[in-house]
Amino acid sequence: MGNKRKRVAKEALADNQPSQKRSKKETPAVNGSTNSKPVKVQQLSKSAFTENPTVDERKREMLLYDKLGSEDVNERIEAADAIISGLLGGNGVPEPVLLRHLEKRLFRGLASGRNASRLGFSLVLTEILGQLFGEKNLAGSKYTGLTFDKVWGILVQKTQAAGASSGQEERDHYFGQLFGVECFVRSGVLFSDSSRWMVALDLLLKLAAKKSWLKSQCGYVVVQAISQMKQDLAEKTLGKLAEEGYAKTPEGVGIWIAALDRFPDMKVPAQPWRHPLSNTSLTALPAALKDSGKEPSNNEDGAKKQQPKQGGWTAQLHFVWDLILAHYIKLVGTKSEDEVAKEFEQFWNRVVDG
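When we follow the numbering used here, the leftmost residue of the sequence shown carries the number 1140, and every step to the right adds one.
(1) Runs of 4 residues minimum, wholly inside the segment 1274 to 1321: which ones carry the alpha helix (DSSP H) assignment?
(2) Is the number of C-beta pairs between the segment 1228 to 1240 and the segment 1295 to 1304 that are closer than 8 Å three or more?
(3) Apart from the five residues on each side of it in sequence, which residues of its chain come closer than 6 Å, Cβ to Cβ, to residue 1162?
(4) Would you tell me roughly how many angstroms separate the C-alpha atoms of residue 1407 and residue 1244, rounded to the nearest one?
(5) Could you say which of 1252, 1210, 1481, 1359 lies nearest to residue 1306 if we only look at CA atoms?
(6) Residue 1221 and residue 1184: beta carbons closer than 8 Å?
(7) Would you tell me roughly how many angstroms separate the C-alpha atoms of residue 1361 and residue 1329, rounded to the nearest one?
(8) Pull up the distance between the alpha-carbon of residue 1311 and that of residue 1459, whole angstroms please.
(9) For the alpha helix (DSSP H) that residue 1368 lies in, which residues bound it at each end?
(10) Please state the DSSP three-state secondary structure of residue 1377.
(11) Return the CA-CA distance between residue 1352 and residue 1272, expressed in angstroms with no decimal places.
(12) Quick one: grab the DSSP three-state call for residue 1269.
(13) With a threshold of 16 other CB atoms inside 10 Å of the CB of residue 1469, please say whether the residue is buried or exposed.
(14) Is residue 1351 a contact residue of the ligand SAH, with contact defined as CB to any heavy atom under 7 Å?
(15) In whole angstroms, what separates the C-alpha of residue 1323 from that of residue 1384?
(16) Tell me the rounded alpha-carbon separation between residue 1155 and residue 1461.
(17) Taking only three categories from DSSP, how would you classify residue 1405?
(18) Assign residue 1418 to one of three DSSP states: helix, strand, or coil.
(19) On the three-state DSSP scale, how would you describe residue 1244?
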């Protein structure tokens, strides 16, 4: 597995997401004492997991997975290192062992609301998925029974809320499913085969339509995916979003901007706009950014098409505003500062002040 710096970098990716997705407990510890001593990190065994674990080996598994959900980032990284080494280090464990950890531990752990479990479990899953379906393609050589469809099915199955779940349990399962999709995106394994990404996009759209408080997070995952895909797949993605009525939402605006900034000459759907920040789009843009531009539309047969649920108001600034500001900053490299300033002033006057 790569060196520890790479693992730290992956852990740091969690800070790159909208703050609604971060654990509320995921904050630096503050110690006012001047006599505090550094805490020694316990060295965790990296030996391979076994198919029929003994009592001691089960205790070791429990310890590792407990530390994987720790609020301490260093503990999480140490535990992730030990778990990945125990599963894929050397020649790797037998397939039944890896399957057991995926089913019973890793994907199920995404639905846990305990401490920082989702961050820790995501770290391990991202690495494992990358080795299974990425450059090493272990699923094609050693773990032939762990096909992409099977592993994706485990994610969906283990993050489904049971019928009698409480509101908090349901919320935990939905967030677990979202984090699972994000693991697939960050591992980079969805984009060599366009059908994989379209399956993931369908699940993100279902999550966003089912729970309005997941809309911005689902949209942010799509933005992350756009940065990894090729132009033809980005075009398919925008086409799908336009069909589902997501273009005129804050998430849709952000995705359009991210895609067009990456592929300026890409083909976009004829409706509702070529570029949401163009002069011709500024009239319709305020309604989209306020999440109020999703009136039911009729299909050819006259039936009303289901539109995305309107998101509730939140004091948290939507990620689309970061992308809008970044877009105008990038323009400075292609246009004069006066031209960019004039464009931004026009946007501000019509969309924000107006």
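For each residue, glycine too, the CB sits at the ideal point set by N, CA and C.
The structure says:
(1) 1277 to 1280, 1287 to 1297
(2) no
(3) Note that residue 1162 scores 43 on pLDDT, short of 50, meaning its location in the model is unreliable and no value can be drawn from it.
(4) So the alpha carbons of these two residues sit roughly 41 Å apart.
(5) 1252
(6) Yes, Cβ-Cβ distance for residue 1221 and residue 1184 is below 8 Å.
(7) 12 Å
(8) 25 Å
(9) Where residue 1368 is concerned, there is no enclosing alpha helix (DSSP H), given that its DSSP letter is neither H nor E.
(10) helix
(11) 31 Å
(12) helix
(13) When all chains shown are included, residue 1469 counts as exposed.
(14) In terms of ligand content, the structure shown is empty, and the ligand SAH therefore cannot be addressed.
(15) 25 Å
(16) Residue placement at residue 1155 is poorly supported in this model, since its pLDDT is 48, which falls under 50; the coordinates still yield a value, given next. Roughly 12 Å between the two C-alpha positions.
(17) coil
(18) helix
(19) helix
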